[in-house]
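Chemist:
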Amino acid sequence: MSSFFPVPPTINIGELSLEIYGSTTFLNIPNNRLKDTIIGKSYNKIIYLGLYALEKCNWSLIKIFKTYPYEYAQVERKDFEVYPNQMLVLVPQKNNNFPKTPKKLPKPDSLRIDKSPVAERCSLNFYFKKSITSYQGEYPFEMASLEKSSFLSFDALKQTYNSKEVVNFIIFMNINVSSDLQGEVKINVFNPCNKSLKKEIIAKRNSFTIHRIQEENNREKINSVDFYTSKDSSFIPINLTLNLKTNQLSAEHTHPPTELFYGLNKMDGVRLLKKTWL
Amino acid sequence: MKKFLKKYFPKKFINYLSYLINWNHKVYSLRDDINFETNLSDFFVWSNNCYRIEFVAENLRSLITGKKIEVTHNFIFFNEEGELINSQKYQTNNFFEKILLDSPHESPKGKYFSFIHYVDSETSLYEIFDNYGLKKINEICEQNRGYTIYYPQENKYSGAVVHGNFGGISKNFLKRATYNSRKHIYTPIYKFEEQENYDLVFNNPTNKYLIIKIHLNESDKIINLNIPTFGTKFFSLTNYTGSISFESKLAICRPLIFRNPAPNCQGNFDVFHS
Chain A
2 MSSFFPVPPT
12 INIGELSLEI
22 YGSTTFLNIP
32 NNRLKDTIIG
42 KSYNKIIYLG
52 LYALEKCNWS
62 LIKIFKTYPY
72 EYAQVERKDF
82 EVYPNQMLVL
92 VPQKNNNFPK
102 TPKKLPKPDS
112 LRIDKSPVAE
122 RCSLNFYFKK
132 SITSYQGEYP
142 FEMASLEKSS
152 FLSFDALKQT
162 YNSKEVVNFI
172 IFMNINVSSD
182 LQGEVKINVF
192 NPCNKSLKKE
202 IIAKRNSFTI
212 HRIQEENNRE
222 KINSVDFYTS
232 KDSSFIPINL
242 TLNLKTNQLS
252 AEHTHPPTEL
262 FYGLNKMDGV
272 RLLKKTWL
Chain B
-10 MKKFLKKYFP
0 KKFINYLSYL
10 INWNHKVYSL
20 RDDINFETNL
30 SDFFVWSNNC
40 YRIEFVAENL
50 RSLITGKKIE
60 VTHNFIFFNE
70 EGELINSQKY
80 QTNNFFEKIL
90 LDSPHESPKG
100 KYFSFIHYVD
110 SETSLYEIFD
120 NYGLKKINEI
130 CEQNRGYTIY
140 YPQENKYSGA
150 VVHGNFGGIS
160 KNFLKRATYN
170 SRKHIYTPIY
180 KFEEQENYDL
190 VFNNPTNKYL
200 IIKIHLNESD
210 KIINLNIPTF
220 GTKFFSLTNY
230 TGSISFESKL
240 AICRPLIFRN
250 PAPNCQGNFD
260 VFHS
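Protein chains in written order, with our numbering: chain A, 2 to 279; chain B, -10 to 263.
#1: Confirm, please, whether the CB-CB distance from residue 139/B to residue 258/B is below 9 angstroms.
#2: Rounded to whole angstroms, how far is the Cβ of residue 27/B from the Cβ of residue 159/B, which I believe are closer than 8 angstroms?
#3: By how many angstroms is the C-alpha of residue 217/B removed from the C-alpha of residue 69/B?
#4: So, with DSSP's three-state summary, where would you put residue 7/B?
#5: For a cutoff of 9 angstroms on Cβ pairs, would you count residue 71/B as touching chain A?
#6: Assuming residue 206/A and residue 175/A make a contact with CB atoms under 8 angstroms, what is their CB distance in whole Å?
#7: Could you work out which residue in 194/B, 137/B, 93/B and 167/B is closest to residue 253/A when comparing CA atoms only?
#8: Applying the criterion that 16 or more other CB atoms from any shown protein chain within 10 Å of the CB defines a buried residue, is residue 65/A buried or exposed?
#9: What does residue 61/B reach in chain A if we use C-beta pairs closer than 7 angstroms?
#10: If you follow the beta strand (DSSP E) that residue 174/A is in, where does it begin and where does it stop?
#11: Note down, in chain order, each residue of its chain lying with its Cβ closer than 6 angstroms to the Cβ of residue 252/B, except the 5 sequence neighbours on either side.
#12: Rounded to whole angstroms, what is the Cα-Cα separation between residue 167/B and residue 87/A?
#13: Using CA atoms only, rank isn't needed, just tell me which of 247/B, 66/B, 127/B and 81/B is closest to residue 186/B.
#14: Looking only at its own chain, which residues have a Cβ that is under 6 angstroms from the Cβ of residue 179/A, when we skip the five neighbours before and after it?
#15: So for residue 223/A, helix, strand or coil by DSSP?
#16: Considering only C-alpha positions, which residue in the set 266/A, 190/A and 6/A is nearest to residue 29/A?
#17: For the region 100 to 147 of chain A, list the alpha helix (DSSP H) runs that are entirely contained and at least 4 residues long, ordered along the chain.
#18: Whole angstroms are fine: how far does the CA of residue 194/B sit from the CA of residue 219/B?
#19: Inspect the CB distances between the region 184 to 192 of chain A and the region 250 to 266 of chain A and report whether three or more fall short of 8 angstroms.
#20: Of all the CB atoms in chain A, is at least one closer than 9 angstroms to the CB of residue 197/B?
#21: Using the Cα positions of residue 135/A and residue 117/B, report the straight-line distance between them to the nearest angstrom.
#22: Assuming residue 278/A contacts residue 228/A (C-beta within less than 8 angstroms), just tell me the rounded distance between them.
#23: In chain B, which residues lie less than 7 angstroms from residue 263/A when you measure between Cβ atoms?
#24: Buried or exposed: where does residue 272/A fall if 16 or more other Cβ atoms within 10 Å of its Cβ makes it buried?
#25: Going by DSSP in three states, residue 77/A sits in which element: helix, strand or coil?
#26: Skipping 5 residues on each side, what residues in its chain have a beta carbon closer than 7 angstroms to that of residue 224/B?
#27: For residue 131/A, which residues in the same chain have their Cβ closer than 8 angstroms to its Cβ, ignoring the five residues on either side in sequence?
#28: Roughly how many whole angstroms lie between the Cα atoms of residue 107/A and residue 48/A?
#29: For residue 30/B, which of helix, strand or coil comes out of DSSP?
#30: Would you kindly work out how many angstroms separate the C-alpha atoms of residue 13/A and residue 250/A, rounded to a whole number?
#31: Quick check on residue 156/B: does DSSP put it in helix, strand or coil?
#32: Roughly how many angstroms separate the alpha carbons of residue 0/B and residue 17/B, rounded to a whole number?
#33: May I ask you to report which of helix, strand or coil DSSP gives residue 116/B?
#34: Under 9 angstroms, Cβ to Cβ, is there at least one residue of chain A near residue 150/B?
#35: Measure the alpha-carbon distance for residue 172/A versus residue 117/A and round it to whole angstroms.
#36: Does the beta-carbon distance from residue 169/B to residue 23/B come in below 9 angstroms?
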């Protein structure tokens, strides 16, 4: 399964007039492979990365990176004139023939050279002053090709409530190959105990939607977990925490419902779980 | 082809076929049946130098039903050599629970070791599925995932969050993770920087000794780690820039990476999965 590599958004910390900014690190190597043997394959591919930004009616190619085996490409959002939450995405390909203003993102090539498991990834990084947090992430091509899908997630990773010291965000990341899909999508936020709707977040397709959790929960104890659902679109949720006193950052994604079951019939469990909340 | 197979052959046959086709890349063994009584835990890392460690646990029974169901979250700790050292229990009916874990050692030994997490409840998954009219379904079990939050210093309100390492370990210590005849090389897409310090922490969820070769790709240096079953070993990396690869007979060999490990009050602590 091939993947797009998004460049994380810039996040404004209102009270400080400071920003957390995103970058993506790519390394030209299949991240999992069989060891070279007489019958094994060695790796010697040049990979091109097309950096696309979503414009009003199309994707726009803004830079091409050429990488040799074991060579890095570091893409910093602040180096480009784009909006803080504008979708900025790297498309890996073996040939340098990227269309300049396509309506649909070109299909990413796979870096795999055998059937070794694990998704193709890059390092998604967030910086604040001298602190960095990273996680190995990607946006699967198959997920970016869905016109309609659903979403269920939780904010269980938010950290101790102390508004003067800690701020928590969920970044809802959505990519669709089609530049026409830029509409707004409602994400319902509700209390799972009584299923009462607390808030509706207006998220955008093909964008990063940044939700600051602290603003929603200032009257509740932090352990009350909110649920987030959408019947119209899927997202990859990234939970980001910043300690304003020490500048420490932490980013992690939450497991999708499919990761809570194992076995041939795991989708029966997922369907049951989604039916309860969606 | 996939659609054709799915239409005309049972899932079990397709699964077996896929297992044979991918015989060089097995993650789990096929030898044991999966049912509602089975559970699979990730393999989590304990860091003795952290000021405190919390665990974010999911209550799958409540998530399926939408109702609060009492469960017990169990944690079992193994020392560096993989010997059982301690267990802890925590009862709750919340959908998610943030649990402060006690240090498993009275007198700390070793910097890192590992633990599993599994859930017990009087309400079985079978009972829940049965209530929804899905009693004929089998070949499904719960995966006990969860997240660990590492606090690198005293008096801090936030830590670094990370999900568990690849495990596949059941509550009766059955290990589904398996070896392959050929070695794999896993390379995290991450640039290690010489001004930072890192601990690369590996644990062994299989039933054999795990041998890992750590390749520092920019220096041709190779480090060997031998890890007993359920054991944990780490490699401290300093003064190095570039990529690192891990060679082993596991289909996926991914350490947990502690960047500028605890104790750390500089604000540059991070923990992430490679």
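Beta carbons: idealized from backbone N, C-alpha and C, even for Gly.
Modeler: Looking at the coordinates:
#1: Here residue 258/B corresponds to residue number 269 of the second sequence, with the count starting at 1. Here residue 139/B corresponds to residue number 150 of the second sequence, with the count starting at 1. In contact: residue 258/B and residue 139/B (Cβ atoms closer than 9 angstroms).
#2: Taking the second sequence and counting its residues from 1, one reaches residue 27/B at position 38. Taking the second sequence and counting its residues from 1, one reaches residue 159/B at position 170. So it is a contact: roughly 6 angstroms between Cβ atoms.
#3: Indexing the second sequence from 1 puts residue 69/B at position 80. Indexing the second sequence from 1 puts residue 217/B at position 228. Cα to Cα, the separation comes out at about 8 angstroms.
#4: Mapped onto the second sequence, residue 7/B falls at position 18. Helix.
#5: Taking the second sequence and counting its residues from 1, one reaches residue 71/B at position 82. Closer than 9 angstroms: no.
#6: For the purposes of this step, residue 206/A is identified with residue 205 of the first sequence, where counting begins at 1. For the purposes of this step, residue 175/A is identified with residue 174 of the first sequence, where counting begins at 1. The pair is a contact, with the Cβ atoms about 5 angstroms apart (cut-off 8 angstroms).
#7: For the purposes of this step, residue 253/A is identified with residue 252 of the first sequence, where counting begins at 1. Selected option, being the one with the closest Cα: 137/B.
#8: Within the first sequence, residue 65/A is the residue found at index 64, counting from 1. So residue 65/A ends up on the exposed side.
#9: The residue labelled residue 61/B in the question sits at position 72 within the second sequence. Within 7 angstroms Cβ-Cβ: nothing; residue 61/B doesn't reach chain A, min ~18 angstroms.
#10: For the purposes of this step, residue 174/A is taken as the residue at position 173 of the first sequence. 167 to 175 is the span of the beta strand (DSSP E), which, as asked, contains residue 174/A.
#11: As a first step, residue 252/B is located in the second sequence; it is residue number 263 there, counting from the start. Answer for residue 252/B: 38 and 142, listed in chain order.
#12: Stepping through the second sequence from its first residue, residue 167/B is reached at position 178. Stepping through the first sequence from its first residue, residue 87/A is reached at position 86. Their Cα atoms are separated by approximately 43 angstroms.
#13: To locate residue 186/B, count along the second sequence from 1; it is residue 197. Of the candidates 247/B, 66/B, 127/B and 81/B, the one whose C-alpha sits nearest the C-alpha of residue 186/B is 247/B.
#14: Position 178 of the first sequence, counted from the first residue, corresponds to residue 179/A. Result list for residue 179/A: 105, in chain order.
#15: The sequence position of residue 223/A within the first sequence is 222, counting from 1. With a pLDDT of only 49 at residue 223/A, under 50, the local geometry of the prediction cannot be trusted, and no value is derived from it.
#16: Along the first sequence, one-based indexing puts residue 29/A at 28. Nearest C-alpha to residue 29/A: 6/A.
#17: 142 to 145
#18: Along the second sequence, one-based indexing puts residue 219/B at 230. Along the second sequence, one-based indexing puts residue 194/B at 205. So the alpha carbons of these two residues sit roughly 6 angstroms apart.
#19: no
#20: Numbered from its first residue, the second sequence carries residue 197/B at position 208. So no, residue 197/B is outside the interface.
#21: In the first sequence, counting from the first residue as 1, residue 135/A sits at position 134. In the second sequence, counting from the first residue as 1, residue 117/B sits at position 128. If I take the Cα positions, the gap works out to 38 angstroms.
#22: What you label residue 278/A is simply residue 277 of the first sequence in a count that begins at 1. What you label residue 228/A is simply residue 227 of the first sequence in a count that begins at 1. Residue 278/A to residue 228/A, Cβ: 6 angstroms. Contact.
#23: Counting from 1 along the first sequence, the entry for residue 263/A is found at position 262. Here the neighbours are 23, 29, 130 and 132.
#24: For the purposes of this step, residue 272/A is taken as residue 271 along the first sequence, with counting starting at 1. Counting Cβ neighbours within 10 Å, residue 272/A comes out exposed, since fewer than 16 surround it.
#25: Along the first sequence, one-based indexing puts residue 77/A at 76. Looking at residue 77/A - three-state DSSP - the assignment turns out to be strand.
#26: For this step, residue 224/B is matched to residue 235 along the second sequence. Answer for residue 224/B: 189, 203, 212 and 214, listed in chain order.
#27: Taking the first residue of the first sequence as 1, we reach residue 131/A at position 130. For residue 131/A, where only same-chain residues beyond five positions count, the Cβ hits under 8 angstroms are 248.
#28: Counting from one through the first sequence, the residue named residue 107/A turns up at place 106. Counting from one through the first sequence, the residue named residue 48/A turns up at place 47. Spanning the two alpha carbons is a distance of roughly 15 angstroms.
#29: Position 41 of the second sequence, counted from the start, is the residue given in the question as residue 30/B. Of the three classes helix, strand and coil, the one that applies to residue 30/B here is strand, per DSSP.
#30: Reading the first sequence from its first residue, position 12 is the one you call residue 13/A. Reading the first sequence from its first residue, position 249 is the one you call residue 250/A. Taking the Cα positions, residue 13/A is about 14 angstroms away from residue 250/A.
#31: For the purposes of this step, residue 156/B is taken as residue 167 along the second sequence, with counting starting at 1. In this structure, residue 156/B counts as strand in the three-state DSSP scheme.
#32: Translated into positions along the second sequence, residue 0/B becomes position 11. Translated into positions along the second sequence, residue 17/B becomes position 28. Whole-angstrom Cα-Cα distance: 17 angstroms.
#33: For the purposes of this step, residue 116/B is taken as the residue at position 127 of the second sequence. Here residue 116/B sits in helix by DSSP.
#34: For this step, residue 150/B is matched to residue 161 along the second sequence. Closer than 9 angstroms: yes.
#35: Reading the first sequence from its first residue, position 171 is the one you call residue 172/A. Reading the first sequence from its first residue, position 116 is the one you call residue 117/A. Each residue's alpha carbon lies about 30 angstroms from the other.
#36: The residue given as residue 169/B occupies position 180 in the second sequence. The residue given as residue 23/B occupies position 34 in the second sequence. No, these two residues do not count as a Cβ contact at 9 angstroms.
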